[in-house]
Amino acid sequence: MSIQLYNSLTRRVEPLETIDPHVVRMYVCGVTVYDDAHIGHAMSAIVFDLIRRYLEFRGYEVRHVVNFTDVDDKIIARAHATGRDPVQMAAQYADEFLSQLQRLNVLPASAYPRATQTMGEILDFTQRLIDAGHAYAAEGDVYFRVASDPDYGKLSGRPLEEMLSGTRFEVDPRKESPADFALWKATKPGEPSWSSPWGQGRPGWHIECSAMSMKHLGAQIDIHGGGNDLLFPHHENEIAQSECLTGKSFARFWVHNGMLQLVNPATRLVEKMSKSLGNVVTIDSFLTQYDADVFRLIVLGSYYRSPLTYNADIAADNARKLDRLLGALLPAVGIAEDGPAAAALAHSVESARADFTGAMDNDFNSAGALAALFELVRAINVARDAGVGGVPFAAAQAGYRDLASVLGLRLSPQPSSKRQDVAPFIEVLIELRTSLRKAKQFELADLVRTRLSDLGVTLEDSPQGTRYKL
RNA sequence: GGCGACGUAGCAAAGUGGUAAUGCAGCGGUCUGCAAAACCGCCAUUCGCCGGUCCGAUUCCGGCCGUCGCCUCCA
């Protein structure tokens, strides 16, 4: 069975058919780098990382390109407000984001192009649109002539007449139509600028993505992704300028993730997490409190197209889910390599794999895939309790890890330096308590356990010794 | 106002035209010196509301109510 994927362009789930049978060309709109990245950006990155990992699991070669918008109004405004150089500041935020993605276990994209490094292609793209009559220069700006594209509006389902009848478009005397959008903006004093046939200036927002996509992936791609807030006008405009330039359809599938939102404590309203609303949880602050797998689980738990509500309780719940997932990796206690329990375990691995694949084939139903993983967790625990060990047990755990890694779960909490510092002391206390238990001094032993528990350290006794969880 | 998404147990969240996965939380039990972990069992006669189609709908259609997103920069 082929992979079924929801296409925003057709508003239907369709089988994934790629230009080259074994290759997926995927371009994802990345971030505008003018501030610390928040977990909404992380969600989007993880959604497309998940898609990429699963496509690779299913045998595709994925060419995955993610851009950085590193020159635009907000970057310039922010840099000026904080006394920094816009280009340098953007580069710094971009580098920080890349390292955060690494901590989030997001696989590196094939390329991370930036607008400032694609200037030649952007200028060429713009010039060719002018030559073809799809764009026009006006006082140092260049605008895309929306009226020249009969298909304009096909992604967002907004007929042009209707858009023009709205009052949202600002009237600009330089534009032929209020719906026309800037491909090139004339420079203002103090702004970074590049020379062009129309004078010093910088690119408009939409053109950079089309230019970068074509530069790195060719005129036609399989998947174009991004947050659903980009659907209009950004992606609509990308389609317009790209298809007017090449005469070919730009992207086969348009894939949009839902927004991460949270409850505003002041208004008690659910709202999108966004820099402009100031209700931001940054990636750094999340990761100081929780393992990256916890955030991954939050994202995996719901459908990527649905809005995802975040709050502290959800983070705590998912931290407990992670504990359960980790429990399946505890070692065997028995050595039975055959018998009904071992056979049942092998069967569970197979059925988990089938359920997992079936769920993921269905428009990346990660919640369903996760459910299959949890069923495998139980099967492994049952087998351990039944004394299964040796090769079959190790094979089941390996199969489990394999599926978890397709979802991008590391299942190996990164030990923080704090944890490492404190470990020898906890171990001393465990030794002490073990001696007390041997001497049947249970009151003292329990005191040690209770006091540790008060400090957030949970002890678990087993025939193999005592483990602890922080 | 226009376009779109969604409304399933205490919480989160899958799913199907034939009587509802999974996880967290909770309850009972096994195990344990006691716990924890693990395991076993329980936990939605019901899927926002009202109609319609059907032998049968949570799942299809229509209406209503509610939540959210986009329509301006935004993952």
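Per this note's numbering, the very first residue in the first sequence carries number 197; after that it's consecutive.
Here a beta-carbon is modelled for each residue, glycine too, at the ideal position from N, C-alpha and C.
In this text, all values refer to a predicted model and were calculated from it rather than measured experimentally.
Other residues of its chain near Asp559: CB distance less than 7 Å, five sequence neighbours each side excluded: Gln200, Leu201, Tyr202, Val209
For Asp268 and Trp401, which I take to be in contact (beta-carbon distance under 8 Å), what is that distance rounded to the nearest angstrom? 6 Å
Same chain only: Cβ atoms within 8 Å of Tyr332, ignoring 5 sequence neighbours per side: Ile326, Val338, Tyr339, Arg341, Glu372
Return the chain-ordered list of same chain residues with a C-beta closer than 8 Å to the C-beta of Pro211, the five sequence neighbours on each side being excluded. Ser198, Ile199, Gln200, Leu201
Would you check if the stretch 391–409 and the stretch 433–442 touch, i.e. whether three or more CB-CB distances between them fall below 8 Å? yes
Tell me whether Thr654 sits in a helix, a strand or coil according to DSSP, three-state version. strand
Whose C-alpha, out of Ser204, Phe621, Val602, Met315, is nearest the C-alpha of Leu379? Met315
Does DSSP put Ile419 in a helix, a strand or coil? strand
Is Asn507 buried or exposed, if buried means 16 or more other CB atoms sit within 10 Å of its CB? exposed
Ser352 versus Phe446 - alpha carbon distance: 15 Å
Roughly how many angstroms lie between the CA atoms of Gly226 and Val644, to the nearest whole one? 50 Å
Give the secondary structure of Gln457 by DSSP, where H, G and I count as helix, E and B as strand, and everything else as coil. strand
Terminal residues of the continuous beta strand (DSSP E) containing Tyr332? 331–334
In chain order, which continuous runs of the beta strand (DSSP E) of length 3 or greater are located wholly inside the stretch 403–452? 417–423
Do His260 and Phe244 have their C-beta atoms within less than 9 Å of each other? yes
Between Ala233 and the rest of its own chain, which residues show a CB-CB distance below 8 Å, the 5 nearest in sequence each way excluded? Val227, Tyr289, Glu292, Phe293, Gln296, Thr478, Ile479
Quick one: any contact between the stretch 529–537 and the stretch 482–492, if contact means 3 or more CB pairs under 8 Å? no
Work out the CA separation of Asn475 and Tyr664 for me, nearest whole Å. 36 Å
Three Cβ pairs or more, each shorter than 8 Å: is that satisfied between the stretch 271–279 and the stretch 247–256? no
Tell me whether Gln150 is buried or exposed, calling it buried when 16 or more other Cβ atoms sit within 10 Å of its Cβ. As displayed, the chain neither begins before 197 nor continues past 666, which places residue 150 out of reach and without an answer.
For the beta strand (DSSP E) containing Gln200, name the first residue and the last one. 200–203
Would you decide whether Val262 is buried or exposed? Buried here means 16 or more other CB atoms lie within 10 Å of its CB. buried
Determine the contact status of Tyr230 and Ala287, defining contact as a CB-CB distance below 9 Å. no
Cβ-based burial, Gly362 [other Cβ within 10 Å; buried from 16]: In this prediction, Gly362 scores a pLDDT of 49, lower than 50, which makes its location untrustworthy; the coordinate-derived value is nonetheless stated afterwards. Per the 10 Å Cβ criterion, exposed.
Classify Pro393: buried if its beta carbon has 16 or more other beta carbons within 10 angstroms, exposed otherwise. exposed
Out of Val220, Asp376, Asp425, Ile272, state which residue places its alpha-carbon closest to the alpha-carbon of Gly236. Asp425
Beta carbon of Ser204, beta carbon of Leu427: below 9 Å? yes
Whole-angstrom distance between Glu213 and Pro282, CA atom to CA atom: 41 Å
Collapsed DSSP secondary structure at Thr278 in the structure displayed: coil
What are the residues that DSSP puts in a beta bridge with Trp380? Val338, Pro399
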